[in-house]
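K.L.:
In this note's numbering, the protein residues as written are 9 to 423. We treat Cβ as the ideally placed atom computed from N, Cα and C, and that holds for glycine.
What follows is the structure in structure tokens.
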């Protein structure tokens, strides 16, 4: 498929605005099916669902790890605990580690996003697409901007998470079946990396570290409970599984109401944190005197240059390589501060100077009354309490509704 000059202009516009379906046509590894929107899950996934004791239409959750280049699909079992069904290699994601801040920065979102049937796009030029819901309440409270950030096919990204068409056919089917089963909002958790003690220690000099610590609280809650956390926003920060007195509410830009963590959950998190603290102390010794270099998108693409050349006739095909393989550990003493500022941001230099060990306790304070938690090995206790709400209940206040006036429409019909 050769793009016309007009299509090339549109491709450039897409790179500035986000993945907004402006390509005349984009496809990669496209399955030949009669109806892509209603195509059932393949037999191998149905068998896996049955083996894990899940209902075919039970709720799901999506989890993304940028650095590892992985998208996971989790699904509820009959006890309402979630278990991973399958994981996919992300074909392309643009930018670097860190959140999306403004339109045109090519960053893929990081955070917690509720996806409703409104976010499904069966008519995407990128085969099939699911809008991430960016910006959410947290993003808007912090002045972040961007549009048309999606999970889609075609293996080409300008701020999105792009899969192959064959992968997208299955991911879309998972979401479609869950909505048919009554789920009102699928939680998307997008992380820079698996938030283990070792990874947090390795990235402790990043200017995004404080933001990642906040995300990690929600990551930990899921690791402990194996249920998507209830997400709210107040004081421009995420809060997870917090109870507030009747008559109070969470204001994304206002002060947090009096909050409390369910006692059973607090007990479980305490055990989780003990394991993390030991693992983090060990990791600090391993990375003492080291700083992680986060590769650029161009450096990641260089890893798959031969693959890209093999399909040079198709400009819509643009895979990106592994951030783990393209990144590297550097000796702090050998790093030129000016060069580091240009690469990882001036904040990284300041943080390295004032807090060389990246001690999480010396970083920014957590939201008041929110139970502190950190990632590590799961607690060894048998029964871990599961917080409310039920996955089939109406979505929490972070769920996004269309902002356009008039009746709600799937976003793809607004064009």
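In the DSSP output, what is residue 160 paired with across the bridge?
P.N.:
The residue given as residue 160 occupies position 152 in the chain shown. Paired residue(s): 137, 170.
K.L.:
Shortest alpha-carbon distance to residue 309 belongs to which of 333, 297, 232?
P.N.:
For the purposes of this step, residue 309 is identified with residue 301 of the chain shown, where counting begins at 1. Considering only alpha carbons, the answer is 333.
K.L.:
Counting pairs of Cβ atoms below 8 Å between the region 93-101 and the region 71-82, do you hit three or more?
P.N.:
Short answer: they touch.
K.L.:
Do you know whose CA, among 190, 216, 277, lies nearest residue 125's CA?
P.N.:
By 1-based counting over the chain shown, the position of residue 125 is 117. The candidate whose alpha carbon is nearest that of residue 125 is 190.
K.L.:
By how many angstroms is the C-alpha of residue 122 removed from the C-alpha of residue 46?
P.N.:
Here residue 46 is taken as the residue at index 38 of the chain shown, counted from 1. Here residue 122 is taken as the residue at index 114 of the chain shown, counted from 1. Their backbone Cα atoms lie some 22 Å apart in a straight line.
K.L.:
Hey, out of 168, 141, 234, whose CA is closest to residue 82's CA?
P.N.:
As a working mapping, residue 82 is identified with position 74 in the chain shown. Looking at the Cα atoms, 234 is the closest of the given residues.
K.L.:
Using the Cα positions of residue 175 and residue 36, report the straight-line distance between them to the nearest angstrom.
P.N.:
As a working mapping, residue 175 is identified with position 167 in the chain shown. As a working mapping, residue 36 is identified with position 28 in the chain shown. About 10 Å.
K.L.:
For residue 379, does the count of other Cβ atoms within 10 angstroms reach 16, so buried, or fall short, so exposed?
P.N.:
The residue given as residue 379 occupies position 371 in the chain shown. Any reading at residue 379 must be qualified, since the residue scores a pLDDT of 45, below 50, and its modelled position is unreliable; the value itself is stated next. It counts as buried.
K.L.:
Kindly list the residues whose CB is nearer than 8 Å to the CB of residue 300, restricted to its own chain and excluding five residues on each side of it in sequence; keep chain order.
P.N.:
As a first step, residue 300 must be located in the chain shown, where it is residue number 292. Counting only Cβ-Cβ distances below 8 Å, and skipping sequence neighbours, we find 210, 211, 213, 214, 335, 336, 337, 338.
K.L.:
On the DSSP letters alone, give me the boundaries of the beta strand (DSSP E) that residue 119 sits inside.
P.N.:
Reading the chain shown from its first residue, position 111 is the one you call residue 119. 119-123 is the span of the beta strand (DSSP E), which, as asked, contains residue 119.
K.L.:
Can at least three beta-carbon pairs, one atom from the region 83-92 and one from the region 155-166, be found at a separation below 8 Å?
P.N.:
No, the region 83-92 does not touch the region 155-166.
K.L.:
Can you check the region 55-109 for any beta strand (DSSP E) of at least 3 residues that lies completely inside it and give the ranges in chain order?
P.N.:
68-73, 78-84, 90-97, all fully within the region 55-109.
K.L.:
Report yes if the CB atom of residue 92 is closer than 9 Å to the CB atom of residue 177, and no otherwise.
P.N.:
Start at 1 with the first residue of the chain shown, and residue 92 comes out as number 84. Start at 1 with the first residue of the chain shown, and residue 177 comes out as number 169. No, Cβ-Cβ distance for residue 92 and residue 177 is not below 9 Å.
K.L.:
Out of 280, 137, 198, 254, point me to the one whose CA is closest to residue 268's CA.
P.N.:
The count along the chain shown starts at 1 and reaches residue 268 at position 260. Closest by alpha carbon: 254.
K.L.:
Answer with buried or exposed for residue 164, where buried requires no fewer than 16 other C-beta atoms within 10 angstroms of its C-beta.
P.N.:
Taking the chain shown and counting its residues from 1, the one referred to as residue 164 is at position 156. By the neighbour-count rule (16 or more Cβ atoms within 10 Å), residue 164 is buried.
K.L.:
Could you tell me which of 50, 68, 238, 207 sits nearest to residue 220, measuring between CA atoms?
P.N.:
The sequence position of residue 220 within the chain shown is 212, counting from 1. Nearest C-alpha to residue 220: 207.
K.L.:
Quick one: what's got a C-beta closer than 6 Å to residue 236's C-beta in the same chain, skipping five residues either side?
P.N.:
For the purposes of this step, residue 236 is identified with residue 228 of the chain shown, where counting begins at 1. So the qualifying residues of the chain are 69, 195.
K.L.:
Closer than 7 Å by C-beta to residue 71: which residues in its own chain qualify, once you throw out the five before and the five after it? Chain order, please.
P.N.:
Stepping through the chain shown from its first residue, residue 71 is reached at position 63. Correct list, in chain order: 80, 82, 197.
K.L.:
Answer yes or no: do residue 241 and residue 247 have a C-beta to C-beta separation smaller than 9 Å?
P.N.:
In the chain shown, counting from the first residue as 1, residue 241 sits at position 233. In the chain shown, counting from the first residue as 1, residue 247 sits at position 239. The answer is yes: Cβ separation under 9 Å.
K.L.:
Would you kindly check if the distance between the Cβ of residue 133 and the Cβ of residue 101 is under 9 Å?
P.N.:
Here the question's residue 101 lines up with position 93 in the chain shown. Here the question's residue 133 lines up with position 125 in the chain shown. Contact flag unset, no.
K.L.:
Between residue 110 and residue 152, how many whole angstroms is the CB-CB distance? I'm expecting something under 8 Å.
P.N.:
Walking along the chain shown from the start, residue 110 turns up at place 102. Walking along the chain shown from the start, residue 152 turns up at place 144. Going by Cβ atoms, the distance from residue 110 to residue 152 rounds to 7 Å, so yes, they are a contact pair.
K.L.:
Pick out whichever of 252, 170, 228 has its Cα sitting closest to the Cα of residue 205.
P.N.:
In the chain shown, counting from the first residue as 1, residue 205 sits at position 197. Checked all of 252, 170, 228; the closest Cα to residue 205 is 228.
K.L.:
Using DSSP's beta-bridge definition, name the partner residues of residue 239.
P.N.:
Position 231 of the chain shown, counted from the first residue, corresponds to residue 239. DSSP, once it has assigned bridges, lists 248 as partnering residue 239.
K.L.:
Hey, quick one: how far does the beta strand (DSSP E) through residue 198 stretch, first residue to last?
P.N.:
Counting from one through the chain shown, the residue named residue 198 turns up at place 190. Element bounds for residue 198: 194-199.
K.L.:
Helix, strand or coil, according to DSSP, for residue 36 in the structure here?
P.N.:
Residue mapping note: residue 36 aligns to position 28 of the chain shown, counting from 1. In this structure, residue 36 counts as coil in the three-state DSSP scheme.
K.L.:
Taking only beta-carbon positions, decide if residue 188 is within less than 9 Å of chain D.
P.N.:
Of the chains in the structure shown, none is chain D; there is only one protein chain.
K.L.:
Can you tell me whether residue 55 is buried or exposed? The criterion is at least 16 other CB atoms within 10 Å of its CB, across all chains shown.
P.N.:
The count along the chain shown starts at 1 and reaches residue 55 at position 47. By the neighbour-count rule (16 or more Cβ atoms within 10 Å), residue 55 is not buried but exposed.
K.L.:
Just to confirm the assignment, what range does the alpha helix (DSSP H) spanning residue 223 have?
P.N.:
Here residue 223 refers to the residue found at position 215 of the chain shown. That run of the alpha helix (DSSP H) goes 217-233.
K.L.:
Distance, Cα to Cα, residue 154 vs residue 277?
P.N.:
One-based indexing of the chain shown puts residue 154 at position 146. One-based indexing of the chain shown puts residue 277 at position 269. Cα to Cα, the separation comes out at about 35 Å.
K.L.:
Quick check on residue 105: buried or exposed, where buried means 16 or more other Cβ atoms within 10 Å of its Cβ?
P.N.:
Position 97 of the chain shown, counted from the first residue, corresponds to residue 105. With 16 or more Cβ atoms within 10 Å of its Cβ, residue 105 is classed as buried.
K.L.:
Where does the unbroken alpha helix (DSSP H) through residue 293 begin, and where does it stop?
P.N.:
Taking the chain shown and counting its residues from 1, one reaches residue 293 at position 285. Its alpha helix (DSSP H) spans residues 271-294.
K.L.:
Do you know offhand how far residue 239's Cα is from residue 120's?
P.N.:
As a first step, residue 239 must be located in the chain shown, where it is residue number 231. As a first step, residue 120 must be located in the chain shown, where it is residue number 112. Between residue 239 and residue 120, the C-alpha separation is close to 8 Å.
K.L.:
Alpha carbon to alpha carbon, how far is residue 136 from residue 182? Give it in angstroms, no decimals.
P.N.:
Stepping through the chain shown from its first residue, residue 182 is reached at position 174. Stepping through the chain shown from its first residue, residue 136 is reached at position 128. Roughly 13 Å separates the two Cα atoms.
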